[in-house]
Amino acid sequence: MNRRDFLRVASISSAALFASPIISFANAKTDRRFIFIIQRGAADGMNTLVPYADPAYAKLRGALAIDVAQATKLNGMFALHPALTETAKMYATGQALFAHAVASPYRERSHFDAQNVLETGGTSPYQMKDGWMNRLLSLLPKSQNEAIAFASSVPMALRGKMDVSSYAPSALPQASDDLLLRVGQLYAEDAQLHNIWTAAMEANNMAEDASAKQDPASLGKLAASFLANPSGPRIAMIETGGWDTHSAQDGRLTRQLKSLDTLIAALRDGLGATWQKTTVLVATEFGRTAAANGTGGTDHGTGSAALILGGDINGGRVIADWPGLNQSNLYEGRDLKPTLNLDTLIASLAGASFGIAPEQVGKALFPDANIGKPLEGLIKS
Amino acid sequence: MITPANMSPAAIAINRFGLGARPNESAPNDPKKWLLTQFEHFQITPPAWANQTKTADLMAEYAKHQMEIRQAKKNTDENDKNAAKRMFRREVRDDYMAAVKARAETALTTSTPFVERLVYFWANHFAISIEKPAVIDLAGAFELEAIRPFVLGNFKTMLFAVEQHPAMLLYLDQARSIGPGSKAASRLAERDPEKKHGLNENLAREIMELHTLGVRSGYTQADVTEFARALTGWSVAGAGKDKFAENSQNGFAFRPQIHEPGSRSIMGKTYIQTGKAQAEAILNDLASAQSTATHIATKLARHFVGDNPPEALIEKLTKAFNSSNGDLPSVYRVLIDAPEAWQPAPTKFKTPWEWLISCVRGLGRKDLQGINAAQMLNQLGHPIWKPGSPAGYDDIAESWAAPNALLRRVEMAQRLTAPFGDKLDARILSDQLLLGAISTETQTAISRSESAVTGLALLFVSPEFLRR
Chain U
1 MNRRDFLRVA SISSAALFAS PIISFANAKT DRRFIFIIQR GAADGMNTLV PYADPAYAKL
61 RGALAIDVAQ ATKLNGMFAL HPALTETAKM YATGQALFAH AVASPYRERS HFDAQNVLET
121 GGTSPYQMKD GWMNRLLSLL PKSQNEAIAF ASSVPMALRG KMDVSSYAPS ALPQASDDLL
181 LRVGQLYAED AQLHNIWTAA MEANNMAEDA SAKQDPASLG KLAASFLANP SGPRIAMIET
241 GGWDTHSAQD GRLTRQLKSL DTLIAALRDG LGATWQKTTV LVATEFGRTA AANGTGGTDH
301 GTGSAALILG GDINGGRVIA DWPGLNQSNL YEGRDLKPTL NLDTLIASLA GASFGIAPEQ
361 VGKALFPDAN IGKPLEGLIK S
Chain P
1 MITPANMSPA AIAINRFGLG ARPNESAPND PKKWLLTQFE HFQITPPAWA NQTKTADLMA
61 EYAKHQMEIR QAKKNTDEND KNAAKRMFRR EVRDDYMAAV KARAETALTT STPFVERLVY
121 FWANHFAISI EKPAVIDLAG AFELEAIRPF VLGNFKTMLF AVEQHPAMLL YLDQARSIGP
181 GSKAASRLAE RDPEKKHGLN ENLAREIMEL HTLGVRSGYT QADVTEFARA LTGWSVAGAG
241 KDKFAENSQN GFAFRPQIHE PGSRSIMGKT YIQTGKAQAE AILNDLASAQ STATHIATKL
301 ARHFVGDNPP EALIEKLTKA FNSSNGDLPS VYRVLIDAPE AWQPAPTKFK TPWEWLISCV
361 RGLGRKDLQG INAAQMLNQL GHPIWKPGSP AGYDDIAESW AAPNALLRRV EMAQRLTAPF
421 GDKLDARILS DQLLLGAIST ETQTAISRSE SAVTGLALLF VSPEFLRR
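Protein chains in written order, with our numbering: chain U, 1 to 381; chain P, 1 to 468.
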């Protein structure tokens, strides 16, 4: 019995799965991949996707303002941070799409509450107990409803009814096959540990040749090796941290974005032909203040930027209903005002990726959010 | 069908409240008393911590190092410069490893395991995180000087020690936050009108959100900004030349020149104090606020009693916090006395730290010869003093019970037990460590294992040993 059968046996006891009306919306078999890269700590959208043509930008940011001569001009309004060189190439070939002035429904400034809203898909913190990626998983055909977190534990966005795996390279000596087998037997009667262990063994078997390094290039390569496998997971999550740049932002953000750029490029290269069927979403819990603070950084804000990448993304564009950076245009007089609901973007993107109506995806993923009209044409048809 | 394996009160005291049993150690006859008497002989600086450099000296070293770098900048030899930097980085890394070792060795040898657990609880409540290079060196000193002396004292005293410790001031960017209307700000503006100097609200926000009131407890963005203004001037000793700085012995310095003048209004109350006293007055009020009591009570209950602690228990602890004006032992006593805390079924999934310490104690080890605790905890996904966020590590099972994390524990169990195959018998040890709270299924699995070492590894990754 392979792990997939195992999981199915485990799921039969989960009546909710079969009772769920959502399952009927599920499409036929999918070979699509959907990857969510979370930027924990509130990434600075304004220095990632630079609104260089807004006259207030340079004034607000002062010494922190990105020099547009160094950056990649995307259009008459926005430029891309100079560290994002591979991402810029993807934009040039239509494989990258950016959205600006985006925010989840959360409007306070706590990282932890905001990440909870971003990951659960609720409209307020701790209102929902499972994650939107887990609910997305339940919309996929049963034979392909596998997801993985590239981390040793499972992040909130992936937690929920559906079993999810996690994998991170280990520097520890491998446990013997005998011990692994006995541990499996030891957990047979313990529902929690049994499910976790089954998922661990599956991921472990898939990762035999993976590199044991944790740098962005190795992480991207590792994730790609799982996702390129035709019977591998369809949904994956990668966590990045270190975006909370209250001080010395210039160097820190450059390093952060360089790592992100390397990670995305490694995913693209490692996925090979599968890249054509892959959607990558990069998003953060909220943005940072429009103005620089007093310590060479920025404080917690509201609107930020999201990046979308993939082989058949209808890219080379920036989606932004730009609110402007004049004092009177700022949210609470200090932050970039959100004009696009991140939930709408996610529902539209996930729907387009898996060929499920975005409205249905929205209902399942963000039941209480006002999704509004889905965005169209995100992926080439 | 699994045979229920209920924990006896002694097993609960040792495993849920403590750090796990050691072989050949007798179980406490009076579990509650065993916990309470630990308050009387807790050592603030146990032998393993004796060599930890004091915060003030670390700050002086840091200042000296900064000066050397500045001098090396004048020196054109790149090699000299880089060599100096590398040397300092290596020293800092060694200091960190040594502090983690001191923490772990204390956990192995302590006679007050419950109080040590409280140290970890508070260090995680007031979390710093060493991915910020400036605090790597200070993390051990922070726990030794700002947490350990106060876990059996008043909450307010610990709060002040924490918020004035250089590790926290540097971690949450307070040290360089400048009042926009301060003398220093106008001087800096004259010198360099282009460059911005001013407020940083990071510490102010996290004090309110994480250290005291708790999130969504009613304060606003305006309150955060006002508090940030009041906190300007709270800085660290030794960084830069400031002849007005009022230096304290613990590395804290108040810098009147960067303090924002004027009175502040927070949550409807006006603070007319000047200088350092202003933020102190606010901190005082935050420490005794009703929301703070509930926040602390909830976290303590979650840590010791369960991921979703009973409301009744939270209320009891809140009441104890309020009626004792934040006297922590009074709160702990109510916790120990609460029937909710003595439910026989395991209520918590051990964190990797709790699990690793209980394994090593279970093997009877009192030192870490051949074990690099810091690296092991990295591998287990629980690097010490590096939760990656000022909220600290999550205190619920979902954060730790995950596929890869579990596999790491199995790998680690194999490695830890390897040298003990001919020294310990898992069948006997399981009784000593779990005090009868073991299912017949686990007993059978252990007794059927192919080798003594496998038996020990199975014991450590058994459902009963993973939980408390």
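We put the CB at the ideal spot given by N, CA and C, even for glycine.
Model, not experiment: these values are computed from the prediction.
- Give a yes or no on whether the C-beta atoms belonging to P:Pro-166 and P:Gly-251 are separated by under 7 Å. On the second sequence, residue 166 of chain P is found 166 positions in, with the first residue counted as 1. On the second sequence, residue 251 of chain P is found 251 positions in, with the first residue counted as 1. P:Gly-251 sits close to P:Pro-166, with the two beta carbons spaced by under 7 Å.
- Query: For P:Phe-244, which of helix, strand or coil comes out of DSSP?
  - Reply: Numbered from 1 along the second sequence, position 244 holds the residue referred to as residue 244 of chain P. The three-state reading of DSSP puts P:Phe-244 in coil, since its state is none of H, G, I, E or B.
- Return yes when the Cβ of U:Ala-103 is within less than 7 Å of the Cβ of U:Leu-342, no when it is not. By one-based count along the first sequence, residue 342 of chain U stands at place 342. By one-based count along the first sequence, residue 103 of chain U stands at place 103. Taking 7 Å as the Cβ cut-off, U:Leu-342 and U:Ala-103 qualify as a contacting pair.
- Message: Using a Cβ distance threshold of 8 Å, determine whether the segment 307-314 of chain P contacts the segment 256-274 of chain P, with at least three qualifying pairs required.
- Response: They do not touch, by the three-pair rule.
- What is the DSSP secondary structure of P:Trp-385, counted as helix, strand or coil? Residue numbering aside, residue 385 of chain P sits at position 385 when the second sequence is read from its first letter. Coil at P:Trp-385, not helix or strand.
- Query: Assuming U:Leu-325 contacts U:Leu-60 under a Cβ cut-off of 8 Å, what Cβ separation, rounded to an integer in Å, is found between them?
  - Reply: Residue 325 of chain U sits at position 325 when you count from the first residue of the first sequence. Residue 60 of chain U sits at position 60 when you count from the first residue of the first sequence. Going by Cβ atoms, the distance from U:Leu-325 to U:Leu-60 rounds to 6 Å, so yes, they are a contact pair.
- Message: Strictly under 7 Å for the Cβ-Cβ distance: is P:Ser-182 near chain U by that measure?
- Response: Position 182 of the second sequence holds residue 182 of chain P. No, P:Ser-182 does not count as interfacial toward chain U.
- Message: Comparing C-alpha positions only, which one of P:Glu-143, P:Ser-330, P:Phe-304 sits nearest to P:Ile-396?
- Response: Taking the first residue of the second sequence as 1, we reach residue 396 of chain P at position 396. It is P:Phe-304.
- Query: Can you check whether the CB of U:Thr-289 is closer than 7 Å to the CB of U:Ala-43?
  - Reply: Translated into the one-based positions of the first sequence, residue 43 of chain U becomes position 43. Translated into the one-based positions of the first sequence, residue 289 of chain U becomes position 289. Annotated as distal: U:Ala-43 and U:Thr-289, with beta-carbon spacing of 7 Å or more.
- In chain P, which residues lie with their C-beta within 8 Å of the C-beta of U:Val-154? Here residue 154 of chain U refers to the residue found at position 154 when the first sequence is read from its first residue. Chain-order list of chain P residues neighbouring U:Val-154: Glu-398, Ala-402, Pro-403, by C-beta distance under 8 Å.
- Compute the Euclidean distance between the alpha carbons of P:Phe-160 and U:Ala-83, then round it to the nearest angstrom. Here residue 160 of chain P is taken as the residue at index 160 of the second sequence, counted from 1. Here residue 83 of chain U is taken as the residue at index 83 of the first sequence, counted from 1. Going from the Cα of P:Phe-160 to the Cα of U:Ala-83 covers about 41 Å.
- Query: Is any beta-carbon of chain U found at less than 7 Å from that of P:Pro-133?
  - Reply: Position 133 of the second sequence, counting from 1, holds the residue named residue 133 of chain P. It does not: the Cβ of P:Pro-133 has no partner Cβ on chain U nearer than 7 Å.
- Message: What does DSSP give as the partner residue(s) for P:Asp-327 in the beta ladder?
- Response: Start at 1 with the first residue of the second sequence, and residue 327 of chain P comes out as number 327. The beta-bridge partner set that DSSP reports for P:Asp-327 consists of P:Asn-154.
- Kindly indicate which residue of U:Gly-41, U:Lys-161, U:Ser-152, U:Tyr-52 has the alpha-carbon position closest to the one of U:Gln-115. In the first sequence, residue 115 of chain U corresponds to position 115, counting from 1. The option with the nearest alpha carbon to U:Gln-115 is U:Gly-41.
- Where the segment 403-422 of chain P meets chain U: residues whose CB sits under 7 Å from a CB there: When CB distances to chain U are screened at a threshold of 7 Å, the residues of the segment 403-422 of chain P falling below it are Pro-403, Asn-404, Ala-405, Leu-406, Leu-407, Arg-408, Val-410, Glu-411, Met-412, Gln-414, Arg-415, in chain order.
- Message: For a quick check, are the C-beta atoms of U:Ile-196 and P:Ala-401 less than 7 Å apart?
- Response: Working through the first sequence from its first residue, we reach residue 196 of chain U at position 196. Working through the second sequence from its first residue, we reach residue 401 of chain P at position 401. Yes. Within cutoff.
- Query: If you compare alpha carbons, which of P:Ala-373, P:Val-215, P:Cys-359 is closest to P:His-481?
  - Reply: The requested residue 481 of chain P is not part of the displayed model; chain P covers only 1 to 468.
- Ignore the nearest five residues each way along the sequence and tell me which others in U:Ser-24's own chain have a CB closer than 7 Å to its CB. Against the first sequence, residue 24 of chain U aligns to sequence position 24. Unreliable positioning characterises U:Ser-24 in this predicted model, as indicated by a pLDDT of 33, which lies under 50. A coordinate reading is not provided.
- From this set, P:Thr-53, P:Ile-14, P:Tyr-393, which residue's C-alpha is nearest P:Lys-299's C-alpha? Reading the second sequence from its first residue, position 299 is the one you call residue 299 of chain P. The residue with the shortest Cα to Cα distance from P:Lys-299 is P:Tyr-393.
- Item | Same chain, Cβ closer than 6 Å to P:Ala-228, neighbours up to 5 away in sequence not counted | Here the question's residue 228 of chain P lines up with position 228 in the second sequence. Annotation for P:Ala-228: Leu-199, Glu-201, Ala-204 place their beta carbon closer than 6 Å to its own, counting only its chain and skipping 5 residues before and after.
- Message: Cβ closer than 8 Å: which chain U residues qualify as neighbours of P:Asp-173?
- Response: Counting from 1 along the second sequence, the entry for residue 173 of chain P is found at position 173. What P:Asp-173 touches in chain U: His-246, Ser-247, Thr-295, Gly-297.
- Message: Cβ closer than 8 Å: which chain P residues qualify as neighbours of U:Val-183?
- Response: Stepping through the first sequence from its first residue, residue 183 of chain U is reached at position 183. What U:Val-183 touches in chain P: Val-410, Leu-458, Val-461.
- Is it the case that the Cβ atoms of P:Ala-5 and P:Ser-447 are separated by a distance below 7 Å? Working through the second sequence from its first residue, we reach residue 5 of chain P at position 5. Working through the second sequence from its first residue, we reach residue 447 of chain P at position 447. No, the Cβ-Cβ distance between P:Ala-5 and P:Ser-447 is not below 7 Å.
- Message: Short of 7 Å Cβ to Cβ, which residues in the segment 157-171 of chain U face chain P?
- Response: Residues passing the 7 Å Cβ filter: Arg-159, Ser-165, Ser-166, Tyr-167, Ala-168, Ser-170, Ala-171.
- Message: Measuring straight from C-alpha to C-alpha, what distance separates P:Gly-262 and U:Gly-351?
- Response: Sequence index remark: in the second sequence, residue 262 of chain P carries index 262 (1-based). Sequence index remark: in the first sequence, residue 351 of chain U carries index 351 (1-based). Their backbone Cα atoms lie some 54 Å apart in a straight line.
- Query: When DSSP labels each residue in this structure, what does P:Glu-131 get in the three-state scheme?
  - Reply: As a working mapping, residue 131 of chain P is identified with position 131 in the second sequence. Correct three-state label for P:Glu-131: coil.
- Does the segment 151-159 of chain P touch the segment 323-333 of chain P, meaning 3 or more C-beta pairs lie closer than 8 Å? Contact between the segment 323-333 of chain P and the segment 151-159 of chain P is present, with at least three C-beta pairs closer than 8 Å.
- Query: For the putative contact between P:Lys-54 and P:Ala-141, defined by C-beta atoms under 8 Å, what is the C-beta separation to the nearest angstrom?
  - Reply: Numbered from its first residue, the second sequence carries residue 54 of chain P at position 54. Numbered from its first residue, the second sequence carries residue 141 of chain P at position 141. About 6 Å separates the two Cβ atoms, so the contact holds.
- Cβ of P:Glu-260 within 7 Å of Cβ of P:Ser-358? Here the question's residue 260 of chain P lines up with position 260 in the second sequence. Here the question's residue 358 of chain P lines up with position 358 in the second sequence. Taking 7 Å as the cut-off, the beta carbon of P:Glu-260 is found no closer than this to the beta carbon of P:Ser-358.
- Query: Would the segment 30-44 of chain P and the segment 368-383 of chain P be scored as touching if the rule is three or more Cβ pairs under 8 Å?
  - Reply: The segment 30-44 of chain P makes no contact with the segment 368-383 of chain P; the number of CB pairs closer than 8 Å stays below 3.
- Report the rounded CA-to-CA distance for P:Thr-225 versus U:Gly-301, giving the unit in angstroms. Residue 225 of chain P sits at position 225 when you count from the first residue of the second sequence. Residue 301 of chain U sits at position 301 when you count from the first residue of the first sequence. CA-CA distance, P:Thr-225 to U:Gly-301, rounds to 13 Å.
- Query: Among residues of its own chain, excluding the 5 on either side of U:Ile-235, which ones have a beta-carbon nearer than 7 Å to its beta-carbon?
  - Reply: The residue labelled residue 235 of chain U in the question sits at position 235 within the first sequence. Within the same chain, U:Ile-235 has close Cβ partners Phe-34, Met-133, Leu-136, Leu-137, Ala-147.
- Item | Cβ contact (3+ pairs, closer than 8 Å) linking the segment 9-23 of chain P and the segment 81-91 of chain P | By the Cβ test, the segment 9-23 of chain P is not in contact with the segment 81-91 of chain P, since fewer than three Cβ pairs between them sit closer than 8 Å.
- Cα-Cα separation between U:Thr-93 and U:Glu-86, rounded to whole angstroms: Against the first sequence, residue 93 of chain U aligns to sequence position 93. Against the first sequence, residue 86 of chain U aligns to sequence position 86. Each residue's alpha carbon lies about 11 Å from the other.
- Message: Are the CB atoms of P:Ala-237 and P:Met-59 within a distance shorter than 7 Å?
- Response: One-based indexing of the second sequence puts residue 59 of chain P at position 59. One-based indexing of the second sequence puts residue 237 of chain P at position 237. In this structure, P:Ala-237 lies closer than 7 Å to P:Met-59 by Cβ.
- Task: Consider the Cβ of U:Glu-189: report whether some Cβ of chain P lies at a distance smaller than 7 Å.
- Result: Here residue 189 of chain U refers to the residue found at position 189 of the first sequence. Judged by the 7 Å Cβ criterion, U:Glu-189 is in contact with chain P.
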